[in-house]
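FYI, in the numbering used here the residues of the sequence shown are 1 to 73. Backbone N, C-alpha and C fix where the C-beta goes; we use that ideal spot for every residue, glycine too. Here is the structure we will look at, set down as structure tokens.
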Amino acid sequence: MDIVKIDTQYIKLDQLLKWAGVAATGSDAKHLIQSNRVKVNNVLVNERGKKIFPGDCISVEADKKIVFMVEKN
1 MDIVKIDTQY
11 IKLDQLLKWA
21 GVAATGSDAK
31 HLIQSNRVKV
41 NNVLVNERGK
51 KIFPGDCISV
61 EADKKIVFMV
71 EKN
């Protein structure tokens, strides 16, 4: 499992997908989320603006499954 570090108290899901390099653009992140390919703590999420906090585990079903944990920097 990879670790993604953030400098803030939380980050929005679409921003996190871009920050982690999973999505190249905001529209790519939106497409992944709206296509039911993103889970936060094993729960399917379809809100682009969902707040992600340190300790949350994100999994994305893209070309391959990507799983990472968010930590505070």
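Neighbour-count burial assignment, residue i, 16 or more Cβ in a 10 Å radius
i: I58; result: buried
i: V17; result: Looking at the sequence shown, residue 17 is not Val but Leu. Buried.
i: V43; result: exposed
CA nearest to the CA of residue i, picked from the options
i: A65; options: R48, L32 and F53; result: The sequence given here places Lys at residue 65; Ala does not occur at that position. Among R48, L32 and F53, the Cα nearest to that of K65 is on L32.
i: V45; options: M1, Q34 and K5; result: Q34
i: A62; options: V70, P54, A23 and I6; result: A23
i: R37; options: G55, V67 and D56; result: V67
Where residue i falls: helix, strand or coil (DSSP)
i: S35; result: coil
i: K64; result: coil
Nonlocal neighbours in the same chain, by C-beta distance under 6 Å from residue i, ignoring five residues either side
i: K50; result: L13
Chain-order list of residues whose beta-carbon lies under 8 Å from that of residue i (same chain, five-residue window excluded)
i: K30; result: D14 and R48
Close beta carbons around residue i, own chain, < 7 Å, minus the five adjacent residues each side
i: G26; result: D14 and K18
>> My parser needs the beta strand (DSSP E) runs of 3 or more residues fully inside the stretch 1-53; what are they?
In response: Segments of the beta strand (DSSP E) lying fully in the stretch 1-53: 2-6 and 38-40.
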